[in-house]
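Numbering (the numbering used here), first residue to last: 1364 to 2380.
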């Protein structure tokens, strides 16, 4: 028996939909194999979505699955936050109390925001990651619950879903990775117009390969005939079939209504509009039953029996008789829990509601509101404030609606339903002028506005003002990801402040605008911050003043590093300390620590950040402790202390993971990936970067993770992957992100990709642009790898015809940029040595002594890939000098072993070819040979035919297909085929990359193109 599944259908026969039901049951089977399934069922109202879902749930229950259904509730524009999830989880809690408690263990207080039965909802924390934390906890709870049993979760009427429900569903569909779970969501397709909020979600889900979408068509005539036969329990007259099919147009619900109308004697209904047909079925009910149906229609999707009894104005016997008549006519149904009533189909409810007179609608809503105010036990406590606000609003009573809506906004915030909070606050703004002044003077105080100073002398008792309401709405919009709406709200507030001249509050709104403009990629936010700074000048110390200083110093640290930022950060610390605002003080001290490290006082800066980390953890300020970890790991890496950075990053991930600070975890994981890469732990680095990409919610940490993966692909010689990851990083960062810590690494990657594809002109264009943008204080950690990559590209391109022109000017640009860069620690001294040697190689002036100095500088550092590259060049120089070959052989073997362990295809190929040309083994004596025999032609070793050798030689010289055809006396089409085969055999993406590979491996030229071949090689 399926006790928790409502049956609302008339026909005992399930008609059609065999293919659709097969898709659903197949998903059920796949879920049983620990493969979560996501399904969408769409179709017009009345087409049969509910009946298909009922059949599927019956089959799921027959197979032993646990099923739970939750419906979205239409009670106004704001909806009930998480309504379908709360209902479905409540069913699971009833069916599996112990198992659900175990799945939620340790996170009951947070999960109570969706399922109040788990405990009391905590009052904090509230920030831009709060919703993501709640969603992550919900996903993991469902995965644990479905680990050893199949769970089917059905969410109905998604077209009515509140914003938080839509966001949570999207999150689940994107992130569920394990468990025997099937999530099915239904929606009314004809309601999803171009501007409907569900439309973007459907488009997003369509792009996910893991989501299956089923669109239900109307019945054809044969299916309508079968449906009629099932309802009538006999074969219908063909003329009646034609009439019903023409009238219903194949809509299953209208078929049922037409039959019901005929059987009840409403024959005129066949010629009326379908809406009138639905109303005729109501109008034949007794007067009391009609009255009850109208009351239920305005109460929402479901109305509890105690509430209905309080509103109907009938004796209990009269009410039961009226309900019996409505249920008997198949207009209303009792809910599955037996506690209330709902319409059999929402189309009937909408028709009845639309037929109410304006005054009648307001009166019914007033009765609901008055009944709930008189007795708070009539409905669930978690729904009371939201529904009360809706009833008073539709009762057109601003005096009652305004305080109720504001109370509902607080309840929505406490559930992390920030989008619903914002909708309620916007509704309060609409009601503001309509409410009597005495009502506004008795409103609640400000709820939650971060450091914004509420109007009035005592924030705890002063009633809410319109400006305060705009501040609440700004924070709610930002927390809910509605940054465009937040930007408009700040504009409204600042226009209001132009009349009132309140510089402190104006500074707060300008600071908010700075944050919003930056996050929306509309600018870097400095213009807005500058206005905020100007406004707080000369004002007494305040939390707003301290916040402005912290943000200005942080902005300068990221966008325009310099000594002035340290002064601003230290002043912010002083202000916050004076005010006793320890959270702001700790935030400012992290910025101070970073700036001290960048300015050369590394130990003092690290000590400051470590102290903040300890204090923040002690106070339970996990987000601040997480920010300390982000910056500590970054600064340690900039000092070459990669091993320490990894250890601290691991601690940071463990610290923030229980609190589900996803962006913070992503930043720490991205920093860990950078350090692991430098330590030569590339597989671990890839895992850390992928984790950052997976958990990161904002664009910046995801962009940083994409860049880390591009670095790995570039070092391994996977050019297509490197290019794709670089494009992803650019897309995440956008065009307005001017932070050097993001900009310079992207230039480095662009140089690497261009060099790998043989596009030396693009290498020069990228480096010229990067140098023109400048390398601010503390950015040497990003600038040295960039300059080294460009210098290596110039040296590798020596001898290419296209590279000769402009080389001298390009090297001058590089030398000029390097002069201004600091080398405060050994790792950057080593980079500077490597850079200098590469410039000499680009001019064919490098010696073994130059490369010995590079190798000696890198050897003490834990930089295996950099060391292998240096040893490659040192071995090459030793062989070219004609000296003792044994040291060169040892260097080659060590470098080759490192390249092989790391999986660096390009470096491995370079080393193999050099060893082959020098006739040196890459393995110790007695070990199996790792290379072709020394006499093997390197071109043949690549699998190229003699004709392909000729074509590659001409490609490397920069010839087009037509020029190759003329040179070799073949057709251009044949030349094109040869080029395609060559690209496939070399594993490269284009002609430029093939030419670069041929040149780099010296396939057609001696090692020293400018003169005779170096002796000994």
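Glycine is no exception: its CB is placed at the ideal position from the N, C-alpha and C atoms.
- With a threshold of 16 other beta carbon atoms within 10 Å, residue 1413 meets it and is buried.
- Note that the region 1713-1725 touches the region 1657-1667; at least 3 beta-carbon pairs, one per stretch, sit closer than 8 Å.
- Taking 4 residues as the shortest admissible run, the region 2004-2033 contains the following complete alpha helix (DSSP H) segments, listed from N- to C-terminal end: 2005-2019.
- If you look at residue 2082, you'll find it in the alpha helix (DSSP H) that goes 2082-2096.
- If you check the CB distance, residue 1895 and residue 1916 do not come in under 9 Å.
- A residue is called buried once 16 or more other Cβ atoms fall within 10 Å of its Cβ, and residue 1708 is buried on that count.
- A Cβ-Cβ distance of about 7 Å is found for the pair residue 1551 and residue 1520, placing them in contact under the 8 Å criterion.
- Residue 1753 sits buried, since 16 or more C-beta atoms from the chains shown fall within 10 Å of its C-beta.
- In the structure shown, residue 1901 falls within a coil segment according to DSSP collapsed to helix, strand and coil.
- If you ignore the 5 residues before and after residue 1728, its C-beta comes within less than 7 Å of the C-beta of 1661, 1754, 1757 and 1758, all in its own chain and listed in chain order.
- The alpha helix (DSSP H) runs of length 4 or more contained entirely in the region 2243-2281 are, from start to end of the chain, 2248-2265 and 2268-2281.
- One thing to note: residue 1399 has its Cβ within 9 Å of the Cβ of residue 1545.
- As computed with DSSP, residue 1735 is found in no beta bridge at all.
- Within its own chain, the residues whose Cβ lies closer than 6 Å to the Cβ of residue 1669, once the five positions on either side in sequence are excluded, are 1741, listed in chain order.
- Remark: C-beta atoms of residue 2060 and residue 2026 approach each other more closely than 9 Å.
- The continuous alpha helix (DSSP H) containing residue 1413 extends over residues 1412-1425.
- Of the candidates 1775, 1690 and 1590, 1775 places its Cα closest to the Cα of residue 1527.
- Excluding the 5 residues flanking it on each side, residue 1898 has same chain C-beta neighbours closer than 6 Å at 1866, 1869 and 1870, in chain order.
- The C-beta of residue 1947 has 16 or more other C-beta atoms within 10 Å across all chains shown, which makes the residue buried.
- Annotation: residue 2219 is outside any beta strand (DSSP E); the continuous alpha helix (DSSP H) that includes it extends over 2211-2221.
- The DSSP assignment places complete beta strand (DSSP E) segments of no fewer than 3 residues inside the region 1682-1757 at 1695-1697 and 1703-1706, in order along the chain.
- The C-beta distance from residue 1418 to residue 1384 rounds to 6 Å, short enough to meet the 8 Å contact threshold.
- Contact between residue 2024 and residue 1667 is ruled out by a C-beta separation of about 39 Å, above the 8 Å threshold.
- The DSSP assignment places complete alpha helix (DSSP H) segments of no fewer than 4 residues inside the region 1531-1609 at 1561-1569 and 1584-1595, in order along the chain.
- Using a 10 angstroms sphere on the CB of residue 1905, the tally of other CB atoms reaches 16 or more, which defines it as buried.
- Remark: C-beta atoms of residue 1888 and residue 1878 approach each other more closely than 9 Å.
- Between the alpha carbons of residue 1649 and residue 1685 lies a gap of roughly 7 Å.
- Excluding five sequence positions before and after residue 1515, the CB atoms of its chain that fall closer than 6 Å to its own CB belong to 1423, 1428, 1430 and 1545, given in chain order.
- Closest in C-alpha terms to residue 1467, from the list 1790, 1503, 2102 and 1435, comes 1503.
- The three-state reading of DSSP puts residue 2330 in helix, counting H, G and I together.
- Taking a cut-off of 8 Å on C-beta distances, the region 1720-1738 does not touch the region 1677-1696, as fewer than three cross pairs fall below it.
- The distance from the Cβ of residue 1923 to that of residue 1957 is about 14 Å, inconsistent with a contact at the 8 Å cut-off.
- Non-local beta-carbon contacts of residue 1816 in its own chain, meaning distances under 8 Å to residues more than five positions away in sequence, involve 1822, 1867, 1868, 1871, 1905, 1906 and 1907 in chain order.
- Looking at the DSSP output, residue 2060 sits in no beta bridge, so it has no partner there.
- Non-local C-beta neighbours of residue 1882 in its own chain, meaning closer than 7 Å and more than five positions away in sequence, comprise 1846, ordered along the chain.
- Taking 8 Å as the upper bound for CB-CB distance, residue 1506 and residue 1539 are in contact here, some 7 Å apart.
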